[in-house]
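Single-structure report; data block below.
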Amino acid sequence: MNDPLLGSALLSGRPQALPMAGAERQHNVIQDLLADLHASFKDVREGRVADYIPELAKACPDDFGIVIATSGGRLYEIGDTRKEFTIQSISKPFIYALALKMLSLDFMATKIDVEPSGEAFNAISLDPESGKPRNPMINAGAIAASAQICDADPAGAVELLLDYFAELAGRRLTINDAVYLSEKVTGHRNRAIGHLLRNFNIIESDPEPALDLYFQQCAISVTCKDLAVMAATLACQGRNPFTGGQPLSKDITVRVLALMGTCGMYDFAGQWLHDVGIPAKSGVAGGVMAVIPGRLGIATYSPPLDAFGNSVRGVAVCRQLSVGVGLSLFNQYFQKDATIRRSYKGSQRQSRRWRSDQELRILAPHRDEVRIIHVQGVLDFGGIEQLAAELVQLGSDVRILILDLAHVTECPLESSGLLDRQLCAIEDQGVEILLSRAGRLPLVSMPGWKISERVEAYEHLDSALEAAEDLLIARYAEPADDGEGLGLGALEEHGLLQLLDEEHRRILAERMTLRSFAAGECVIRRGEPGDELFLVRSGRFDIAIDVRTGDGLSRATRLATFGPGLCFGEIGFVAGTPRSADIIATRPGACWVLHRDAFEALRCSHPDVVIALLTALTCDIGAKLTQTSVQLTLMEHY
Numbered sequence: 002m003n004d005p006l007l008g009s010a011l012l013s014g015r016p017q018a019l020p021m022a023g024a025e026r027q028h029n030v031i032q033d034l035l036a037d038l039h040a041s042f043k044d045v046r047e048g049r050v051a052d053y054i055p056e057l058a059k060a061c062p063d064d065f066g067i068v069i070a071t072s073g074g075r076l077y078e079i080g081d082t083r084k085e086f087t088i089q090s091i092s093k094p095f096i097y098a099l100a101l102k103m104l105s106l107d108f109m110a111t112k113i114d115v116e117p118s119g120e121a122f123n124a125i126s127l128d129p130e131s132g133k134p135r136n137p138m139i140n141a142g143a144i145a146a147s148a149q150i151c152d153a154d155p156a157g158a159v160e161l162l163l164d165y166f167a168e169l170a171g172r173r174l175t176i177n178d179a180v181y182l183s184e185k186v187t188g189h190r191n192r193a194i195g196h197l198l199r200n201f202n203i204i205e206s207d208p209e210p211a212l213d214l215y216f217q218q219c220a221i222s223v224t225c226k227d228l229a230v231m232a233a234t235l236a237c238q239g240r241n242p243f244t245g246g247q248p249l250s251k252d253i254t255v256r257v258l259a260l261m262g263t264c265g266m267y268d269f270a271g272q273w274l275h276d277v278g279i280p281a282k283s284g285v286a287g288g289v290m291a292v293i294p295g296r297l298g299i300a301t302y303s304p305p306l307d308a309f310g311n312s313v314r315g316v317a318v319c320r321q322l323s324v325g326v327g328l329s330l331f332n333q334y335f336q337k338d339a340t341i342r343r344s345y346k347g348s349q350r351q352s353r354r355w356r357s358d359q360e361l362r363i364l365a366p367h368r369d370e371v372r373i374i375h376v377q378g379v380l381d382f383g384g385i386e387q388l389a390a391e392l393v394q395l396g397s398d399v400r401i402l403i404l405d406l407a408h409v410t411e412c413p414l415e416s417s418g419l420l421d422r423q424l425c426a427i428e429d430q431g432v433e434i435l436l437s438r439a440g441r442l443p444l445v446s447m448p449g450w451k452i453s454e455r456v457e458a459y460e461h462l463d464s465a466l467e468a469a470e471d472l473l474i475a476r477y478a479e480p481a482d483d484g485e486g487l488g489l490g491a492l493e494e495h496g497l498l499q500l501l502d503e504e505h506r507r508i509l510a511e512r513m514t515l516r517s518f519a520a521g522e523c524v525i526r527r528g529e530p531g532d533e534l535f536l537v538r539s540g541r542f543d544i545a546i547d548v549r550t551g552d553g554l555s556r557a558t559r560l561a562t563f564g565p566g567l568c569f570g571e572i573g574f575v576a577g578t579p580r581s582a583d584i585i586a587t588r589p590g591a592c593w594v595l596h597r598d599a600f601e602a603l604r605c606s607h608p609d610v611v612i613a614l615l616t617a618l619t620c621d622i623g624a625k626l627t628q629t630s631v632q633l634t635l636m637e638h639y
């Protein structure tokens, strides 16, 4: 289910009746998967509801919910997904993350280790020399983490926690006072752990406020849906995919997920990682939260627990997802050359700028000196390795490289230096590099990037193709006078009129007027009568139409560009139909213009000239249609 209202609904805290995923049109296979899992395990009667905290013993053993929240902001759910329960130990990875955020990794390393304990969640598992808890996922480590937060902000610690959890879950959460008081009254073992930590100076002040904060954090009320959104936030490197907020940094998230993988399921952690292979955290109220990095978060709620304190049904669901649909981190499929979306030569795709016959003659033997490579996915180490392997295979004849990055989702800072070095090496070999559609990636502003001072970046692939053609023309064109006189001599040089004999050109020139245009001026407007034919003397003129894109927005898109020696407006002029698109002067320029009145007068006085002109226009239109057809065919394959 992809509900655009979900983000605001989560933030407001109002209960929302969300429809079944895909129910509007057809069954969604993910929703069907959850239904199958729920049906398979809802009648499982193993396990017992936790009763060492009196309030937890009141839970209904039949409660059972499953939620999947994706990195794309979609939510799938079935069962008791809106029933509140307390987060309990699932708060621990988030509390440790907050301590890292508020203090530092180095400081927290002096207070808590990150080694699996192999012991129960409430074991007094401290290093015998330093007194540090083995890891933040056991009670001792969580109490130590809470103490550091409490010491950093004694007066506002509770509100700080609730604000933080609101960012994680996308809505305001509250503390279940009944459970909090029940834990506080019966939490003698945790209180003993707190005072023992004070004895080792892990807690550097009175441990009671820290213990009180710990009891409150465990008593925060959540739903299965909340946990799934929080898990998805971890899956997205600390960014909530439903609200867009970033409560945690990527670096902190990586460390927290590593701890969830090795320590999240207590003394069952090793078996869990072996059998399921997914970072996870459980709580004694019946919640289980699991994270597939980069893809999705999973949450289950079912109060009956096994001997390790983990939800029986929750473990079964996660195990089935791991084995049944291949979600284990250690069961990732080999992807050959996934980074290279397409790669082809310049002769296989041309820009939308129409070229004069002279320019085409220059370009024809040199187009394959351009190579276009479309890159996709994440440019991490593996992605850059695949791109580098493609780049080192470029032939010695390649002079210009266009890297199209429209489908690259991210270039992590850690691996960006490798890309910079590879591009610099390519350019040092004499290859001009053009980047296209890299707007979503801060590639040219990466700190320390040398290539950013050398490359040109273009908003559209077509602009990069045009720039590559310009570079080839500049490299191979013969030095010549621009020949932009105003008389018949200049008009004769235009490709269209070269099809006419000298007398016909002279007669036509007498009936055309020269009109100048400023940059940005609209030469032809859509819907206007097609009463004029334009022959470009100088400047640059673009045909633009509005195209509605996938996001529902309308954007101006260039269909073609005309320069000196080319004509435009011929279809409406010949057919007598209204203009179908706007034509804008993108550079200052001038055109010779033949108005329909002059054309009609010419038809009466010199019909042979009109026939010759129409024949030339037909040939010009035919050439354009042929080139367009070839480009469309090539685009299907490249």
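Per the numbering used here, the sequence shown starts with residue 2, numbered consecutively. Ideal Cβ placement from N, Cα and C applies to all residues, glycine included.
Buried or exposed by the 16-neighbour rule on C-beta atoms within 10 Å, applied to residue i
{"i": "isoleucine 612", "result": "exposed"}
{"i": "aspartate 405", "result": "buried"}
{"i": "serine 131", "result": "exposed"}
{"i": "alanine 22", "result": "Low confidence applies here, because alanine 22 scores a pLDDT of 40, under 50, leaving its location unreliable; read the following figure in that light. It is buried - the Cβ of alanine 22 has at least 16 other Cβ atoms within 10 Å."}
{"i": "proline 117", "result": "buried"}
{"i": "valine 631", "result": "exposed"}
{"i": "arginine 240", "result": "buried"}
{"i": "alanine 475", "result": "exposed"}
{"i": "serine 437", "result": "buried"}
{"i": "phenylalanine 335", "result": "exposed"}
{"i": "proline 242", "result": "buried"}
{"i": "threonine 629", "result": "exposed"}
{"i": "leucine 214", "result": "buried"}
Straight-line gap, residue i to residue j (C-alpha atoms, nearest Å)
{"i": "methionine 513", "j": "valine 399", "result": "44 Å"}
{"i": "serine 329", "j": "arginine 256", "result": "18 Å"}
{"i": "serine 303", "j": "threonine 87", "result": "12 Å"}
{"i": "alanine 146", "j": "asparagine 140", "result": "10 Å"}
{"i": "leucine 414", "j": "leucine 380", "result": "10 Å"}
{"i": "leucine 419", "j": "phenylalanine 569", "result": "47 Å"}
{"i": "arginine 604", "j": "glutamate 511", "result": "14 Å"}
{"i": "proline 565", "j": "valine 594", "result": "13 Å"}
{"i": "alanine 259", "j": "tryptophan 273", "result": "14 Å"}
{"i": "alanine 624", "j": "glutamate 457", "result": "32 Å"}
{"i": "valine 45", "j": "valine 30", "result": "24 Å"}
{"i": "threonine 254", "j": "phenylalanine 42", "result": "31 Å"}
{"i": "valine 180", "j": "glycine 271", "result": "30 Å"}
{"i": "alanine 469", "j": "isoleucine 434", "result": "9 Å"}
{"i": "methionine 231", "j": "leucine 162", "result": "14 Å"}
{"i": "arginine 320", "j": "arginine 368", "result": "55 Å"}
Beta bridge counterpart(s) of residue i as assigned by DSSP
{"i": "cysteine 523", "result": "Ile585"}
{"i": "histidine 596", "result": "Glu533"}
{"i": "leucine 404", "result": "Ile374 and Leu436"}
{"i": "arginine 320", "result": "In the DSSP output, where bridge partners are listed per residue, arginine 320 has none listed."}
{"i": "alanine 291", "result": "Ala281 and Ile299"}
{"i": "tyrosine 345", "result": "Ile373"}
{"i": "serine 329", "result": "In DSSP, serine 329 forms no bridge with anything."}
{"i": "phenylalanine 542", "result": "Phe563 and Ala586"}
{"i": "tyrosine 459", "result": "Ser437"}
{"i": "aspartate 547", "result": "Ala557"}
{"i": "threonine 244", "result": "The partner list for threonine 244 (beta bridge, DSSP) is empty, contrary to what the question assumes."}
{"i": "alanine 591", "result": "Ser517 and Ser539"}
{"i": "leucine 306", "result": "Arg49 and Ser312"}
{"i": "serine 126", "result": "DSSP lists no partner for serine 126."}
{"i": "glutamate 511", "result": "Looking at the DSSP assignment, glutamate 511 forms no beta bridge with any residue, so it has no partner."}
{"i": "tryptophan 355", "result": "Phe563"}
{"i": "cysteine 568", "result": "Leu536"}
Residue i Cβ short of 6 Å to the ligand MG heavy atom set
{"i": "lysine 59", "result": "The ligand content of the structure shown is nil, which means the ligand MG is not present either."}
Practice task
Could you name each continuous beta strand (DSSP E) segment of 3 residues or more that falls completely within the stretch 132 to 209, going from the start of the chain to the end?
Solution key: none
Practice task
Answer yes if the stretch 232 to 250 comes into contact with the stretch 62 to 77, meaning at least three C-beta pairs across the two stretches below 8 Å, and no otherwise.
Solution key: yes
Handout entry: the stretch 285 to 302 in contact with the stretch 52 to 66 per 3-pair CB rule at 8 Å
Key = yes
Problem - Segments assigned beta strand (DSSP E), at least 3 residues, entirely inside the stretch 65 to 117 - result: 66 to 71 and 76 to 80
Practice task
Decide yes or no for the touch test of the stretch 174 to 192 against the stretch 49 to 56: beta carbon pairs closer than 8 Å, at least 3 of them.
Solution key: yes
Exercise for the section: Determine contact between the stretch 161 to 178 and the stretch 221 to 232, defined as no fewer than three beta-carbon pairs at a distance below 8 Å. Expected result: yes
Handout entry: Cβ contact check for the stretch 88 to 95 and the stretch 104 to 115: 3 or more pairs under 8 Å
Key = no
Handout entry: the stretch 272 to 291 touching the stretch 315 to 323, judged by at least three CB pairs closer than 8 Å
Key = yes
Problem - Any 3 or more C-beta pairs closer than 8 Å across the stretch 205 to 215 and the stretch 244 to 253 - result: no
Exercise for the section: Evaluate the contact criterion for the stretch 348 to 360 versus the stretch 421 to 428: three or more CB pairs, one atom per stretch, below 8 Å. Expected result: no
Practice task
Could you tell me whether the stretch 192 to 205 touches the stretch 153 to 163, using the rule of 3 or more Cβ pairs below 8 Å?
Solution key: no
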